[in-house]
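To start, the structure under review is shown below, and the notes come after it.
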Ligand code: GLU
Ligand code: MG
């Protein structure tokens with residue numbers, strides 16, 4: 295394996311002209327060797343995937359004996375997918391739109407794995423390049439690496455993980471019919487689908503994913519898997535891989551998985567909470583977690599607090615990236631553990647930012663922030679890039695956190711909330727987009743092309759679902775992400 299550092303992409307420098315003849319030859323040779331091994335292991339084809347701005351994982355696939363060519367020269371793909379909406383209709387932004395043009399998708403060989411849940415298939419997240427070999431400005435994976443690099447320049451690294459919630463249906467057609475009857479968090483639900491859950495855990499392990507927990511969640515037919523923290527680029531890639539593994543295993547068991555923020559209009563939704571911790575390289579002790587061992591609230595260091603405060607401050611704007619669908623706002627409501635208020639608290643499940651210290655004795659490794667107001671309609675790479683930018687800005691500003699909140703803010707009067715500085719988060723996608731468009735830090739971090747495209751796609755989806763009832767929104771979103 296070639297080393298990947300935070301400033302390289304698939305083993306090459308990010309920036310300038312990423313692909314020259316020498317690099318192409320090296321990638322091709324490495325892919326040829328990998329393809330021989332994969333074919334020997336019964337792999338027939340490789341799915342190159344990328345997540346679009348609407349949060350849908352799209353793909354082009356190649357037979358394994360074309361992997362060498364794909365690694366060196368890429369696979370053609372229209373840039374227009376960046377302005378696809380969740381129903382596959384197409385809008386256009388100032389930078390993207392129209393039928394002309396082509397990009398090249400290159401498999402990221404560092405992240406290519408056989409998919410145990412999809413026998414004969416391997417999966418590789420795609421790197422997206424323009425025809426001239428430069429990185430495409432809408433490549434969210436490259437943006438995320440750039441943000442990691444910007445923190446690294448200041449001596450910081452981040453560990454991240456997505457929690458993945460999904461609901462399992464055994465219904466016919468497009469309706470949702472929970473595949474198990476057991477109660478929330480009930481052992482009955484494990485027993486009912488024990489074979490499926492066992493096969494899923496086996497497949498995730500065989501795919502190289504470190505699962506730390508699996509449990510039945512609150513809503514009907516809902517489960518959750520948590521995975522080990524990695525660097526942000528790895529965490530976002532893993533989120534996609536886990537989702538596709540769940541989808542494949544659910545399908546193989548004759549059922550369907552929904553990752554939608556709101557599977558049914560009147561129940562608890564699927565979140566995709568993001569866990570983050572900030573680390574400082576230290577010559578004596580190795581990496582040290584800035585979320586523990588400090589003089590700040592509940593043991594945060596000053597830097598840990600600033601990073602958290604930077605994220606808290608920008609939550610309304612971040613929602614346009616992290617709760618990006620119309621259905622997201624059916625989920626993001628008070629008293630549903632979704633974190634509908636812009637506040638933070640120690641282990642408070644109704645705070646958008648939940649600080650988790652872990653048990654005494656383990657805090658130096660375990661303490662982290664959980665951003666709860668996010669869901670799986672988000673492009674995980676874009677979302678982490680935006681979260682890192684917000685945290686970085688908090689560090690630059692030396693921002694402080696307000697007082698923590700230890701109750702459900704919905705139970706406070708409006709006056710009490712105002713006195714404590716607790717504001718409701720946007721209650722619609724349109725409100726989140728307005729906050730996003732006014733946010734200079736996110737615009738600078740994501741770049742003009744991405745910012746404009748995010749706005750165009752969000753506005754397209756708002757128009758698409760304008761006037762739809764919650765039931766219609768849930769139905770239109772249920773099987774898309
Ligand atoms: N399903 C809830 C959500 O929409 C989260 C439940 C939990 O706290 O894990 O985010
Ligand atoms: Mg959960």
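Residue numbers (the numbering used here): 295 to 775. Note that beta-carbon positions come from the ideal geometry of N, C-alpha and C, so glycine has one too. Note that the structure is predicted; figures quoted are calculated from it, not measured.
Cβ separation of residue i and residue j, assumed to be a contact under 8 Å, to the nearest whole Å
| i | j | result |
| --- | --- | --- |
| residue 685 | residue 609 | With 8 Å as the limit, residue 685 and residue 609 do not qualify as a contact, their Cβ atoms being about 12 Å apart. |
| residue 666 | residue 775 | Not quite, the Cβ-Cβ distance comes to about 18 Å (not below 8 Å), so this is no contact. |
| residue 523 | residue 597 | Contact doesn't hold; Cβ gap of about 18 Å is too wide. |
| residue 604 | residue 689 | 7 Å |
| residue 409 | residue 418 | Not a contact, Cβ separation roughly 10 Å. |
| residue 559 | residue 733 | At roughly 30 Å, the Cβ-Cβ gap does not stay under 8 Å, so residue 559 and residue 733 are not in contact. |
| residue 619 | residue 501 | Not confirmed; about 27 Å, so no contact. |
| residue 722 | residue 621 | Not confirmed; about 11 Å, so no contact. |
| residue 586 | residue 593 | 5 Å |
| residue 670 | residue 458 | 7 Å |
| residue 342 | residue 358 | That belief does not hold up - the Cβ atoms of residue 342 and residue 358 are roughly 12 Å apart, past 8 Å. |
Residue i (DSSP reduced to helix, strand or coil)
| i | result |
| --- | --- |
| residue 780 | No information on residue 780 is available, as it lies outside the stretch 295 to 775 that the chain covers here. |
| residue 384 | strand |
| residue 549 | coil |
| residue 773 | coil |
| residue 295 | With a pLDDT of only 29 at residue 295, under 50, the local geometry of the prediction cannot be trusted, and no value is derived from it. |
| residue 659 | helix |
| residue 303 | Because residue 303 sits at a pLDDT of 40, beneath the cut-off of 50, its placement in the model cannot be relied upon, and the point is left open. |
| residue 444 | helix |
| residue 585 | coil |
| residue 594 | coil |
| residue 353 | strand |
| residue 607 | helix |
| residue 345 | strand |
| residue 664 | strand |
| residue 575 | strand |
| residue 308 | Low per-residue confidence applies at residue 308: pLDDT is 42, beneath 50, and the placement is therefore not dependable, though the value from the model is reported in the following sentence. Correct three-state label for residue 308: coil. |
| residue 693 | coil |
| residue 645 | strand |
| residue 369 | strand |
| residue 339 | strand |
| residue 569 | strand |
| residue 685 | helix |
| residue 580 | strand |
| residue 535 | helix |
Residue j beta carbon less than 9 Å from that of residue i
| i | j | result |
| --- | --- | --- |
| residue 626 | residue 633 | yes |
| residue 406 | residue 542 | no |
| residue 434 | residue 519 | no |
| residue 782 | residue 562 | This structure gives no information on residue 782, because the portion of the chain shown stretches from 295 to 775. |
| residue 647 | residue 637 | yes |
| residue 579 | residue 427 | no |
| residue 736 | residue 680 | yes |
| residue 352 | residue 451 | no |
Neighbour flag for residue i against chain D, beta carbons, 9 Å
| i | result |
| --- | --- |
| residue 591 | Note that chain D does not occur in the displayed structure, where there is just one protein chain. |
Q) Touch check for the segment 666 to 676 and the segment 523 to 538: three-plus C-beta pairs under 8 Å? A) Enough Cβ pairs lie closer than 8 Å, so yes.
Q | Touching by the beta-carbon criterion (3+ pairs, under 8 Å), the segment 374 to 390 and the segment 739 to 753 | A | Yes: at least three Cβ pairs fall under 8 Å.
Q) Is the segment 749 to 765 close to the segment 437 to 457, with three or more CB pairs under 8 Å? A) Between the segment 749 to 765 and the segment 437 to 457 there are fewer than three C-beta pairs closer than 8 Å, too few to call the two in contact.
Q) Which ranges does the beta strand (DSSP E) cover as unbroken runs of at least 3 residues, wholly within the segment 475 to 529, from first to last along the chain? A) Qualifying beta strand (DSSP E) stretches, in chain order: 505 to 510, 516 to 521.
**Q.** Any 3 or more C-beta pairs closer than 8 Å across the segment 692 to 705 and the segment 652 to 660
**A.** Contact fails between the segment 692 to 705 and the segment 652 to 660, because fewer than three Cβ pairs, one in each stretch, are under 8 Å apart.
Q.
Measuring CB atoms only, is the segment 709 to 728 touching the segment 465 to 481, in the sense that at least three cross pairs come out at less than 8 Å?
A. Here the segment 709 to 728 does not lie against the segment 465 to 481, with fewer than 3 beta-carbon pairs under 8 Å apart.
Q) Can you list the beta strand (DSSP E) stretches of 3 or more residues lying completely in the segment 708 to 757, in chain order? A) If we require 3 residues or more, the segment 708 to 757 turns out to have no beta strand (DSSP E) run fully inside it.
**Q.** Runs of beta strand (DSSP E) wholly within the segment 401 to 474 (minimum 3 residues, chain order)
**A.** Complete beta strand (DSSP E) runs here, min 3: 415 to 424, 450 to 463.
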